[in-house]
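A short write-up of the structure that comes next.
Residue numbers (the numbering used here): 499 to 744.
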């Protein structure tokens with residue numbers, strides 16, 4: 499469970515995040531969407547335990563964010579693969595750090611992602627979609643307490659992006675890992691977020707939190723609610739972009 503109360507983050511004298519409060523049950527997925535520069539990535543860094551210069555309360559399963567005591571998966575926009583390591587070694591990287599000598603290659607997960615024949619390749623020898631599958635394999639192999647995803651599919655073309663969204667849903671349905679996903683795409687938020695948090699322009703605050711009935715529905719674009727929810731979300735984003743008017 500994620501509990502955030504009155505979170506403030508400053509860089510110098512500038513407020514980046516203001517009065518952020520958010521509760522996310524264990525096993526839920528929250529999509530965070532908002533204007534560029536509103537602090538979405540900063541929020542992820544706080545949850546990852548990478549940024550401890552904040553005020554307010556941030557708890558993950560009752561404890562402060564800490565990579566040392568919690569297992570936190572992080573998928574950045576550029577996949578985060580180390581170019582000098584082969585696919586096999588990239589997948590195993592997090593497991594070796596957390597479990598040291600007890601780590602084993604997650605064969606079933608690798609097979610489900612179609613990576614069996616790519617284990618001896620380097621990242622530069624893979625397509626964008628293949629690199630994203632490796633990144634997902636590394637994250638889900640951890641059976642993490644929390645998964646953080648910073649615009650993970652934005653570098654992909656539209657068709658590959660939709661394919662990888664389906665891959666994520668399939669993996670999540672098996673593990674039900676608590677996930678916070680940053681995205682710029684309204685449709686992606688409506689597909690991948692059980693809750694959708696709309697953030698204001700800088701300094702970032704949460705303008706609205708939406709409970710999303712379309713989460714994980716592969717036919718969500720065909721549902722009657724899609725058009726109205728999409729329009730509503732775009733209206734919220736437009737208003738949230740005018741932070742001084744809220």
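We put the beta carbon where it would ideally sit given N, CA and C, even for glycine.
Here residue 564 is exposed, its C-beta having fewer than 16 other C-beta atoms within 10 Å. A residue is called buried when at least 16 other Cβ atoms come within 10 angstroms of its Cβ; residue 648 meets this threshold and is buried. Ranked by how close their Cα comes to the Cα of residue 637, the residues 501, 618, 591 have 591 in first place. Collapsing the DSSP output to three states places residue 639 in coil. In this structure, DSSP gives residue 587 a helical state, which the three-state scheme calls helix. The beta carbon of residue 551 is closer than 8 angstroms to those of 507, 508 in its chain, skipping five residues each way along the sequence. When only Cα atoms are considered, residue 605 and residue 612 end up about 10 angstroms apart. Around the beta carbon of residue 633, 16 or more other beta carbons sit within 10 angstroms, so the residue counts as buried. Scanning the segment 675-719 for uninterrupted alpha helix (DSSP H) segments of 4 residues or longer gives 684-690, listed from N- to C-terminal end.
Counted as a single uninterrupted DSSP element, the alpha helix (DSSP H) harbouring residue 610 occupies residues 605-610. Sequence-distant Cβ neighbours of residue 691 in its own chain, meaning closer than 7 angstroms and more than five residues away, are 527, 528, 529, 679, 710, 713. DSSP, reduced to helix, strand and coil, places residue 516 within a strand of the structure shown. Setting aside the 5 residues that flank it on each side, residue 557 is surrounded in the same chain by 501, each with a C-beta closer than 6 angstroms to its C-beta; the list follows chain order.
Counting only runs of at least 4 residues, the segment 532-565 fully encloses the following alpha helix (DSSP H) elements, listed from N- to C-terminal order: 538-545. If you check the CB distance, residue 641 and residue 675 come in under 9 angstroms. For residue 734, the uninterrupted alpha helix (DSSP H) run begins and ends at 722-738, by DSSP.
Residue 533 places its beta carbon 9 angstroms or farther from that of residue 726. Under the three-state reduction of DSSP output, residue 503 falls in the strand class. By the beta-carbon neighbour count (other beta carbons within 10 angstroms, threshold 16), residue 614 is exposed. In the DSSP assignment, residue 662 forms no beta bridge with any residue.
Residue 648: member of the beta strand (DSSP E) spanning 644-648, first to last residue. Closest option to residue 735, judged by alpha-carbon separation, among 702, 720, 622: 702.
For residue 572, the enclosing beta strand (DSSP E) starts and ends at 570-573.
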